[in-house]
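Enquirer: Structure in structure tokens, see below.
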Amino acid sequence: MTELQGNWNSISITLLKDPHDVRLWQSLVHSAESQNGLINKTSNHVEVQNLRTSYESFLERFPFYLKYWMAYALWERRLNNNDRAEIVFSRALQFGQHDVTLWVAYLKFKIETLTNNIGDVLQLFEAARLKIGYHYHSFEFYQLYQKFLNTYADNTNSFRKKSILLLRVMLEIPLYNYSASYDQIISFLSSPSTTIEDLSSFMHETALKALKKSSQNNKRLIQADLEKIIADAYIVNQAKSYQLFNYEILVTSNSSSCGAASISVDQLETWDNYLNAIESTYPFDYVAQLFERSLLSTGNNSKIVIKYFNFCFASRKFTKARNVLRKTMSTLERNASIQLLLCLTDLEIATGSVLLAKDMISRYISVNNNVPDSIFEKLLQIEALISSNDEEYLCNLVHEIMVVTNSPAFFEKISKFPISRTNLKNFFLQYVCKTPEERHGKLAASMDLKSRGFFWKILKNITSETDLEGISVPQEYR
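Per our numbering, residue 432 is the first one in the sequence shown, and the count goes up by one each step.
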């Protein structure tokens with residue numbers, strides 16, 4: 432056993448005592464990479480297995496540390512295990528599908544290992560564009576995409592047309608490297624090899640027709656006019672880029688792309704301000720991608736999740752709103768996940784799926800202990816919608832909930848339901864009988880109703896003096 436292998440074993444043992452220490456896990460990975468020198472194709476099976484075990488164990492516990500996924504995949508690539516590298520990249524994208532660096536690393540790997548599957552790689556580039564195409568730092572992605580298209584363009588495919596279309600896309604997106612994008616566009620427009628057909632791929636058809644008419648179909652004049660149009664667009668988009676830079680420099684410097692378990696108030700406030708600034712001024716897809724970035728940066732912070740949900744809901748993107756809640760719910764601590772469940776049931780109620788909302792709440796109650804009052808309140812709200820004409824059922828349900836929760840707050844809840852005065856009065860009177868043995872007196876005693884002012888105020892409002900004869904009403908509520 433080498434000294435470094437011994438160090439790896441030593442760190443492994445220490446981790447058994449303190450499995451939540453991120454730095455210790457990082458030391459384990461670095462130690463595994465350096466056994467007997469850097470791991471390479473000549474490393475023995477034990478050393479390679481230690482490397483894999485280290486990465487697998489680390490990423491199982493900290494799956495949002497994306498740079499470790501990339502490093503793991505690239506180690507498999509160096510060891511000539513391309514199939515394993517592919518699997519690692521695919522798993523990484525489950526957690527970082529909106530991360531530019533991860534996508535660029537994966538796409539470079541796909542290009543390096545490309546055989547005759549050009550169409551598959553093209554589909555991957557398009558899949559990536561849907562996830563990161565609006566990213567402020569996506570210039571490297573577009574450069575890689577264009578290089579791929581230009582390399583494999585021929586008369587049998589439309590890769591050149593796609594490459595030109597990408598220039599148009601880059602013109603309309605505020606990018607960090609926007610001036611470099613502008614230079615590429617001007618180079619394309621002024622090139623002698625650029626044809627009218629190429630320009631039709633770059634421009635909207637109606638705009639090109641107008642230019643053709645005004646220039647009498649003279650390509651040189653069309654190009655000159657286009658350069659003026661692009662220069663004006665550059666000025667507008669450059670201003671947008673500068674505006675976003677003020678936010679980007681803050682969120683980028685604060686982000687570790689690791690789904691931080693604890694995020695500072697300043698970081699949350701920065702993201703909140705950034706999202707507020709673009710919500711009403713950019714297209715839905717652009718804003719949605721920024722929300723996805725913020726979730727990745729903040730480790731699915733519940734405040735950001737709910738803000739994202741509300742944005743989707745207000746935009747009437749109900750399927751998207753559902754998916755936002757469902758994919759993040761299981762990653763959050765209990766109180767936050769309950770809050771998201773309540774948001775999801777509200778969405779189902781608002782969109783007419785009341786029975787689905789009831790099923791979700793009922794299922795939660797059936798599989799969990801110590802269910803919070805907020806869940807029972809939501810169940811009561813749903814049942815009031817479904818069984819609004821069955822007052823007896825609603826009263827019995829409230830009683831059953833109070834038996835489980837021992838919470839007198841549900842008296843106040845039911846008093847706001849559209850239940851007849853008679854039925855409501857009879858329901859309340861069951862809990863103030865002469866002796867605890869009668870009706871629900873024992874439950875009333877356990878809830879200490881005698882000291883619950885709101886209960887007696889409601890009771891006084893729905894009963895007469897005759898109804899209260901023989902009942903011991905506390906002096907302060909008579």
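Cβ coordinates follow ideal geometry from the N, Cα and C atoms, glycine included.
Taking only the alpha-carbon atoms, compute the straight-line gap between Ile-470 and Val-453 and give it to the nearest angstrom.
Expert: Within the sequence shown, numbered from 1, the residue matching residue 470 stands at position 39. Within the sequence shown, numbered from 1, the residue matching residue 453 stands at position 22. Computed Cα separation, rounded: 22 Å.
Enquirer: Roughly how many angstroms separate the alpha carbons of Val-785 and Thr-853, rounded to a whole number?
Expert: Numbered from 1 along the sequence shown, position 354 holds the residue referred to as residue 785. Numbered from 1 along the sequence shown, position 422 holds the residue referred to as residue 853. Roughly 28 Å separates the two Cα atoms.
Enquirer: For Leu-775, which residues from the same chain have a beta carbon less than 6 Å from its beta carbon, with the 5 sequence-adjacent residues on both sides left out?
Expert: For the purposes of this step, residue 775 is taken as residue 344 along the sequence shown, with counting starting at 1. Counting only Cβ-Cβ distances below 6 Å, and skipping sequence neighbours, we find Leu-756.
Enquirer: With a threshold of 8 Å, are at least 3 pairs of Cβ atoms found where one atom belongs to the segment 557-571 and the other to the segment 606-619?
Expert: Touching, yes.
Enquirer: In terms of residue numbering, what span does the alpha helix (DSSP H) encompassing Ile-627 cover?
Expert: Position 196 of the sequence shown, counting from 1, holds the residue named residue 627. Where Ile-627 is concerned, the enclosing alpha helix (DSSP H) stretches over 627-633.
Enquirer: Along the chain, where does the alpha helix (DSSP H) that runs through Ala-767 open and close?
Expert: Residue mapping note: residue 767 aligns to position 336 of the sequence shown, counting from 1. Run containing Ala-767: 765-781, per the alpha helix (DSSP H) assignment.
Enquirer: In the segment 655-704, which residue ranges form an unbroken beta strand (DSSP E) of at least 3 residues, counting only runs that do not cross its ends?
Expert: none
Enquirer: To the nearest angstrom, report how far apart Arg-509 and Thr-473 are at their CA atoms.
Expert: Here the question's residue 509 lines up with position 78 in the sequence shown. Here the question's residue 473 lines up with position 42 in the sequence shown. Straight-line measurement puts the Cα of Thr-473 at about 11 Å from the Cα of Arg-509.
Enquirer: Restricting to runs no shorter than 4 residues, where is the alpha helix (DSSP H) found entirely within the segment 483-567?
Expert: 497-509, 513-527, 531-543, 549-563
Enquirer: Curious, which full-length alpha helix (DSSP H) runs of at least 4 residues does the segment 811-880 contain?
Expert: 822-836, 840-846, 852-860, 872-877
Enquirer: Pick from Ile-813, Leu-771, Ile-832, Asp-821: whose alpha carbon is nearest that of Asn-914?
Expert: The requested residue 914 is not part of the displayed model; the chain covers only 432 to 909.
Enquirer: Rounded to whole angstroms, what's the CA-CA distance from Asn-581 to Ser-594? Just pull it up for me.
Expert: Counting from one through the sequence shown, the residue named residue 581 turns up at place 150. Counting from one through the sequence shown, the residue named residue 594 turns up at place 163. Taking the straight line from one Cα to the other gives about 7 Å.
Enquirer: If you compare alpha carbons, which of Asn-512, Asn-440, Val-531 is closest to Ser-728?
Expert: If you number the sequence shown from 1, residue 728 lands on position 297. Nearest C-alpha to Ser-728: Val-531.
Enquirer: Quick check on Asp-452 - is its C-beta less than 7 Å from some C-beta in chain D?
Expert: Of the chains in the structure shown, none is chain D; there is only one protein chain.
Enquirer: Between Leu-681 and Thr-701, how many whole angstroms is the CB-CB distance? I'm expecting something under 8 Å.
Expert: Indexing the sequence shown from 1 puts residue 681 at position 250. Indexing the sequence shown from 1 puts residue 701 at position 270. Separation of the CB atoms of Leu-681 and Thr-701 is rounded to 5 Å, and the pair is thereby assigned contact status at 8 Å.
Enquirer: Of all the alpha helix (DSSP H) runs that stay within the bounds of the segment 732-767, which reach a length of 4 or more residues?
Expert: 733-745, 749-760
Enquirer: Using only alpha-carbon positions, find the residue among Ile-709, Thr-683, Ser-711 that is nearest to Gln-698.
Expert: Walking along the sequence shown from the start, residue 698 turns up at place 267. Of the candidates Ile-709, Thr-683, Ser-711, the one whose C-alpha sits nearest the C-alpha of Gln-698 is Thr-683.
Enquirer: Cα-Cα, which of Leu-490, Thr-637, Tyr-503 is closest to Phe-526?
Expert: Your numbering for residue 526 matches position 95 in the sequence shown. Closest option to Phe-526, Cα to Cα, is Leu-490.
Enquirer: Could you check whether the segment 589-605 touches the segment 616-634, counting it as contact only if at least three pairs of C-beta atoms, one from each stretch, sit closer than 8 Å?
Expert: Contact check between the segment 589-605 and the segment 616-634: three or more CB pairs, one atom from each, fall below 8 Å, which counts as touching.
Enquirer: I'd like the list of long-range same chain contacts for Tyr-576, defined as Cβ closer than 7 Å, with 5 residues on each side in sequence excluded.
Expert: To locate residue 576, count along the sequence shown from 1; it is residue 145. Once the five neighbours on either side are set aside, the close Cβ partners of Tyr-576 are Phe-556, Leu-597.
Enquirer: Please list, in chain order, all residues of the same chain as Ile-780 whose beta carbon is under 6 Å from its beta carbon, the five residues on each side excluded.
Expert: The residue you call residue 780 lines up with position 349 of the sequence shown. Ala-788.
Enquirer: Can you tell me the Cα-Cα spacing of Ser-589 and Ser-818, whole angstroms?
Expert: Your numbering for residue 589 matches position 158 in the sequence shown. Your numbering for residue 818 matches position 387 in the sequence shown. Answer to the nearest angstrom: the Cα atoms are 59 Å apart.
Enquirer: In this structure, how does DSSP classify Arg-909 when only helix, strand and coil are distinguished?
Expert: Counting from 1 along the sequence shown, the entry for residue 909 is found at position 478. It is coil, neither helix nor strand.
Enquirer: Hey, how far is the Cα of Asn-513 from the Cα of Gln-674?
Expert: In the sequence shown, the residue the question calls residue 513 occupies position 82. In the sequence shown, the residue the question calls residue 674 occupies position 243. Roughly 42 Å separates the two Cα atoms.
Enquirer: Pull up the CB-CB distance for Glu-822 and Ser-851, whole angstroms please, since I reckon it's below 8 Å.
Expert: Translated into positions along the sequence shown, residue 822 becomes position 391. Translated into positions along the sequence shown, residue 851 becomes position 420. Separation of the CB atoms of Glu-822 and Ser-851 is rounded to 6 Å, and the pair is thereby assigned contact status at 8 Å.
Enquirer: What does a CB cutoff of less than 7 Å around Phe-749 pick up in its chain, not counting 5 residues either side in sequence?
Expert: As a position in the sequence shown, residue 749 is number 318, starting the count at 1. Excluding residues within five positions, the ones whose Cβ falls inside 7 Å are Leu-778, Thr-782.
Enquirer: In three-state DSSP terms, what is Leu-469?
Expert: The count along the sequence shown starts at 1 and reaches residue 469 at position 38. Here Leu-469 sits in coil by DSSP.
Enquirer: How would you call Lys-640, buried or exposed, if buried means at least 16 neighbouring beta carbons within 10 angstroms?
Expert: As a first step, residue 640 is located in the sequence shown; it is residue number 209 there, counting from the start. So Lys-640 counts as exposed.
Enquirer: Would you tell me roughly how many angstroms separate the C-alpha atoms of Lys-751 and Thr-759, rounded to the nearest one?
Expert: As a position in the sequence shown, residue 751 is number 320, starting the count at 1. As a position in the sequence shown, residue 759 is number 328, starting the count at 1. Near 12 Å, if we compare the C-alpha coordinates of Thr-759 and Lys-751.
Enquirer: Looking at Asp-452 and the ligand ZN, is the gap between the Cβ and the nearest heavy atom below 6 Å?
Expert: Among the ligands in the structure shown, none appear at all, so the ligand ZN cannot be discussed.
Enquirer: Round the Cβ separation of Ala-559 and Leu-538 to the nearest angstrom and send it over; I've been treating them as touching at under 8 Å.
Expert: Here residue 559 corresponds to residue number 128 of the sequence shown, with the count starting at 1. Here residue 538 corresponds to residue number 107 of the sequence shown, with the count starting at 1. About 6 Å separates the beta carbons of Ala-559 and Leu-538, which is inside the 8 Å limit, making them a contact pair.
Enquirer: Do Leu-855 and Ile-893 have their C-beta atoms closer together than 7 Å?
Expert: Position 424 of the sequence shown holds residue 855. Position 462 of the sequence shown holds residue 893. For Leu-855 and Ile-893, yes; Cβs fall inside 7 Å.
Enquirer: Could you work out which residue in Pro-849, Ser-805, Tyr-565, Val-835 is closest to Ala-815 when comparing CA atoms only?
Expert: For the purposes of this step, residue 815 is taken as residue 384 along the sequence shown, with counting starting at 1. Comparing Cα-Cα distances from Ala-815 to each of Pro-849, Ser-805, Tyr-565, Val-835, the minimum goes to Pro-849.
Enquirer: Is Leu-447 buried or exposed, if buried means 16 or more other CB atoms sit within 10 Å of its CB?
Expert: For this step, residue 447 is matched to residue 16 along the sequence shown. Leu-447 comes out exposed.
Enquirer: Who are the near neighbours of Val-863 in its chain, counting only those whose CB is closer than 6 Å to its CB and skipping five residues on each side?
Expert: Locating residue 863 in the sequence shown gives position 432, counting from the first residue. Cβ within range, chain order: Ile-902.
Enquirer: Can you give me the C-alpha to C-alpha distance between Leu-773 and Ser-805, rounded to a whole angstrom?
Expert: The residue labelled residue 773 in the question sits at position 342 within the sequence shown. The residue labelled residue 805 in the question sits at position 374 within the sequence shown. Rounded to whole angstroms, Leu-773 to Ser-805 spans 8 Å at the Cα level.
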